[in-house]
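Taken in sequence, the protein lines are chains V and Z.
FYI, in my numbering the residues of the first sequence are 609 to 1310.
FYI, in my numbering the residues of the second sequence are 3 to 106.
Structure first, commentary second.
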Amino acid sequence: MASEILLGKTVLISPFIGAVIVSILAFLHYSRGNKHEGHDSGKHDTHEEHTSIHYTRFENVVSTFGILSILVSWLSMVLLAINYLPGEEHETLQSQFGFFGFKEGGTPDIPFGLLIDPLSVYMGLIVTTLALLIHIYAREYMHGDAGYSRFFATFNFFTGVMLTLVFSTSFLELFIFWELVGLSSYLLIGFWFYKPAAAHAAKKAFLYNKIGDITLLAGFLMLYRYTRTLDFVELPAKMEALTDQQIAIVAVLIFGGVIGKSAQFPLYTWLADAMEGPTPVSAILHSSTMVKAGIYMVARVFFIYYEAHDGHNVFAGAEWALTVFAWIGAITALLAGLQALVENEIKRILAYSTVSQIGYMAIALGTGGKTAAMFHLLSHATFKALLFLTAGAVIHAVHTNNIWEMGGLRKKIPKTFWPMLIGATALAGFPGFSGFWSKDAVLLAAYESKVPGHLVIYYLGALTAFITALYSTRFIYVVFFRTPDPEHKEHVEKAHDGGFFLTTPSIILGVLVLIESILFIPVFNFEHWLNEILEPEVKPEAINYVVAGSSAIIVLLGIFVGLVLYHWKPELRTSLYNIDAFNWIANEFIAKRYRIDQVLYWIANAPVMWVAGILQSIDLKIIDRTIIDTWIVKGSLQLAKISDVFDQGFIDGIVNGVWQIFLYFGRQFRKLQTGLVSNYATIFAATLVLFLTYVNFLVLFK
Amino acid sequence: MVVPLEYFLILSSALFSIGVFGVITQRNAVRILIAVELIINAANINFVAFASYNPVGDISGWIFALFIIAVAAGEAAIGLAIFINVFRNYGEIDVGHLFTLREV
């Protein structure tokens, strides 16, 4: 047990140590007079500046330490996870390093420490594995970037922060690291901060997150108000202190945090803008950290929403809050899926796809499927990391983001093509692949749930499955199979696979996706095992062949439609776009994000402008005209006149009086100046006599 | 017979008064110079007399008298030189007529 806690601490601390080592290395490098990245601003995107052998050596040292620290973390995580294999005893370990002290007044302390239970180990394993692979990928991907060491330091820090969030033992600790995740994502999205788009995207991500963070803070403070504890281990037993309404309010407030962090409707647009960051950042942001933090947190505090009762999840008084959440998930999944369908930048397609898939997880959580959500989280994390890494490799190969400037890359970059094909197949939910099984679990949870309107949610989910298959087919076909346009033929011809570090992580992830696909076949009972360790008190759902069969048909249909639209009958698309209404919806409505940003801007802006207008008229009509014009202006005019008189009469009078007095006496004394020596002598003698007389008097009358 | 100190003081006072009277009343510059010499010598008499009647036997008064005689000689020389120059320029040395520097 003690060894497990030691392992847990190693998992958490190792990335931070990596970040510190990288920072020290960078300090040593730059303090030796090497050119700092700031010194050639404006030339950042030309890689020629930083390809000297000296700089490359520095890069290698930095990335080695960065990767090593994650490797140590991963190894400890694996050793820790061995204890949680099926059939083992799954105990919850808590190690409290310290407390946020509120000792006075008998208020219980809020612990700060490590919570090791199946959920955190499961999540931690996903995070460390993907972080390790993405770090290895970044070693080559970031080569030649001026901010190489800054990238690795922030990236390690980000991983460490996310891991600490996963292993948090209290709500307050979780919130602190939740905010730090937001901070590091801000730093990483705005990594190329000299590009205005990146700076803007980072700011947007931070602010959109902040809206959710505020409600999350309010939610758990309200929880603390009634239960007097924020400890995840103690909380479930104390939930009885809350009435149903209070639970519902807390639930909604905590969902607010998820909506911000996990990019749900209506706060999801930041995630697509976050594509301005480097590809490894997108990969880790979308696969295992940041956006998954919200899903993980809800799974962690699932007891607020559901109680296990007779082997089923039943509402704990938060029925309507959950319904709202499930609906938001369904709407997000559909809207973002549609948007991925019209988007042309490969990374943005994947970004909207992430939003859509997280919508699935939200559906699962909202309909009581904690296992389904975590199941989909695992499969999505793997294939989305894979897709992002390969997308980065594609961009690396052709130096463009736009899928219509690519095409026919299948033969050019086979080491990228095959992993990406596997990832896209899993994403589409092709029957037998990992995405199919986990999506099926989500749809099953929605289908079997007791949330009002769960069937509509199920249909929305199924529709999204269709759309997912369609856009997966679309970008795979356009990037890899389509004959490239003549004007883009040149750079497509020159495309070639990346080096060892760029391709190996994708290949490993491709293999992982395949392994997962096999493991998830119901014969191997993976979902049941997950169910057993995550929520042993709930009976697993039996496989529903209607749901599974229909989603298989839907996915195949989606792929078929995709192939029809992009391969067999591309002219069908043209005729679709010729319909005005369709064209408008696709290009003006969906492609412009349903105007969500404008609406949000209007919501944030309009009341302010309205109040500002009123204040302006008050300012102009009342303050300017009445107070300032009459009182202040006239009053100060009077005061000025008074002080003018005072100045002219008194102050100047004193000054003039002084010179006049001196002038007068000077004139009088001038008369003594006769020029006659005798007169002077007389005055002298007289003065002497007076003086002597005076002295005499002093002596006589002493 | 010992001459009392008061006699010397009276003598010097008389000399001083005559000198002051001369400085104030005389118009001839040379006479004024002579009157100034009287004043100086009145002071000299005082110095010598006090030094002689000093019970401790301090001779500073005598030394002072010597210095004053020397300074008075210089003063008389400079004064006479000035008067000669005045006489060359104006043709007379009557201070009653010499008021070029007076306030107009």
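Heads up, the beta-carbon is just placed ideally off N, CA and C, and yes, glycines get one too.
Using the C-alpha atoms, what's the distance from residue j back to residue i?
i: V/Ile857; j: V/Ala929; result: 8 Å
i: V/Thr877; j: V/Asn1213; result: 18 Å
i: V/Val1303; j: V/Ile1291; result: 18 Å
i: V/Ser1114; j: V/Thr998; result: 6 Å
i: V/Leu1208; j: V/Arg1090; result: 38 Å
i: V/Lys1047; j: V/Ile1162; result: 12 Å
i: V/Ser728; j: V/Pro1094; result: 51 Å
i: Z/Ile41; j: Z/Val73; result: 13 Å
i: V/Val1307; j: V/Phe1299; result: 12 Å
i: V/Pro1022; j: V/Trp1218; result: 58 Å
i: V/Asp753; j: V/Asn952; result: 26 Å
i: V/Asp1232; j: V/Ile1259; result: 34 Å
i: V/Asp648; j: V/Ala1005; result: Because V/Asp648 sits at a pLDDT of 46, beneath the cut-off of 50, its placement in the model cannot be relied upon, and the following sentence gives the value as read from the coordinates. The straight-line gap from Cα to Cα measures roughly 26 Å.
i: V/Lys900; j: V/Ser870; result: 6 Å
i: V/Leu1184; j: V/Trp1176; result: 15 Å
i: V/Glu667; j: V/Phe801; result: 20 Å
i: Z/Ile20; j: Z/Trp64; result: 23 Å
i: V/Phe1128; j: V/Leu986; result: 11 Å
i: V/Leu973; j: V/Phe933; result: 8 Å
How would you label residue i, buried or exposed, when you count the other beta carbons within 10 angstroms and need 16 or more for buried?
i: V/Glu1145; result: exposed
i: V/Leu614; result: exposed
i: V/Thr1182; result: exposed
i: V/Gly646; result: Reliability fails at V/Gly646, whose pLDDT of 49 lies under 50, so the model's placement of it is uncertain and no value is given.
i: V/Ile966; result: buried
i: V/Glu612; result: buried
i: Z/Tyr92; result: exposed
i: V/Gly1157; result: exposed
i: V/Val1155; result: buried
i: V/His637; result: buried
i: V/Leu748; result: As written in the sequence, residue 748 of chain V is Glu, which differs from the Leu given in the question. The residue is buried, with at least 16 neighbouring Cβ atoms inside 10 Å.
i: V/Phe1190; result: exposed
i: Z/Gln28; result: buried
i: V/Trp1045; result: buried
i: V/His662; result: exposed
i: V/Lys1020; result: buried
i: V/Ala1070; result: buried
i: V/Ile971; result: buried
i: V/Leu1296; result: exposed
i: V/Arg1203; result: exposed
What is the residue span of the beta strand (DSSP E) that residue i lies within?
i: Z/Ile61; result: Segment: none, Z/Ile61 is in no beta strand (DSSP E) and carries neither H nor E.
i: V/Leu723; result: Ile718 to Ile724
Span of the alpha helix (DSSP H) holding residue i?
i: V/Leu1110; result: Phe1108 to Leu1127
i: V/Gly1257; result: V/Gly1257 -> no alpha helix (DSSP H), and no H or E assigned at all.
i: V/Tyr663; result: Ile661 to Ile690
i: V/Asn1304; result: Val1285 to Leu1308
i: V/Gly592; result: The requested residue 592 of chain V does not occur in the structure, where chain V is confined to residues 609 to 1310.
i: Z/Thr1; result: The requested residue 1 of chain Z does not occur in the structure, where chain Z is confined to residues 3 to 106.
i: V/Ile1141; result: Phe1134 to Leu1142
i: V/Leu1245; result: Lys1242 to Val1253
i: V/His1096; result: Segment: none, V/His1096 is in no alpha helix (DSSP H) and carries neither H nor E.
i: V/Asp1048; result: Ser1042 to Glu1056
i: Z/Leu35; result: Ala31 to Ser54
By alpha-carbon positions, which one of the options ends up nearest to residue i?
i: V/Ala907; options: V/Thr990, V/Glu951 and V/Val774; result: V/Val774
i: Z/Glu8; options: Z/Val50, Z/Leu35, Z/Asn91 and Z/Ala72; result: Z/Val50
i: V/Ser1080; options: V/Leu1165, V/Phe933 and V/Phe1134; result: V/Leu1165
i: Z/Ala53; options: Z/Leu11, Z/Leu103 and Z/Thr102; result: Z/Leu11
i: V/Phe1074; options: V/Leu949, V/Asn817 and V/Phe801; result: V/Leu949
i: V/Thr979; options: V/Phe1254, V/Thr618, V/Pro726 and V/Ala746; result: V/Pro726
i: V/Trp935; options: V/Phe910, V/Ile1030 and V/Val1064; result: V/Val1064
i: V/Leu1078; options: V/Glu1135, V/Leu942 and V/Thr975; result: V/Leu942
i: V/Leu1315; options: V/Val789, V/Val1119 and V/Ile1141; result: This structure does not reach residue 1315 of chain V, given that chain V is present from 609 up to 1310, and the question cannot be answered.
i: V/Ser895; options: V/Met969, V/Leu946 and V/Glu927; result: V/Met969
i: Z/His99; options: V/Glu927, V/Ser1286 and V/Ala972; result: V/Ser1286
Starting from the beta carbon of residue i, find every residue of chain B whose beta carbon is closer than 9 Å, and list them in chain order.
i: Z/Val97; result: Considering every chain present, this structure includes no chain B. Its protein chains are V and Z.
Every unbroken alpha helix (DSSP H) within the stretch 727–804 of chain V, with a cutoff of 4 residues, ordered by chain: Whole alpha helix (DSSP H) segments, 4+ residues: 756–774 and 779–797.
Sequence ranges, alpha helix (DSSP H) only - wholly within the stretch 824–902 of chain V, length at least 4: Taking only runs of at least 4 residues, the alpha helix (DSSP H) segments lying wholly in the stretch 824–902 of chain V are 843–846, 852–869, 877–881 and 887–895.
Residue ranges of each alpha helix (DSSP H) within the stretch 946–1012 of chain V, 4 or longer: Entirely contained in the stretch 946–1012 of chain V, the alpha helix (DSSP H) runs reaching 4 residues are, in chain order, 954–974 and 978–1006.
In chain order, each alpha helix (DSSP H) run of at least 4 residues that lies wholly inside the stretch 1187–1214 of chain V: With a minimum length of 4 residues, the continuous alpha helix (DSSP H) runs that stay inside the stretch 1187–1214 of chain V are 1188–1191.
Contiguous beta strand (DSSP E) assignments of at least 3 residues, all confined to the stretch 1058–1088 of chain V: Within the stretch 1058–1088 of chain V, no complete beta strand (DSSP E) run reaches 3 residues.
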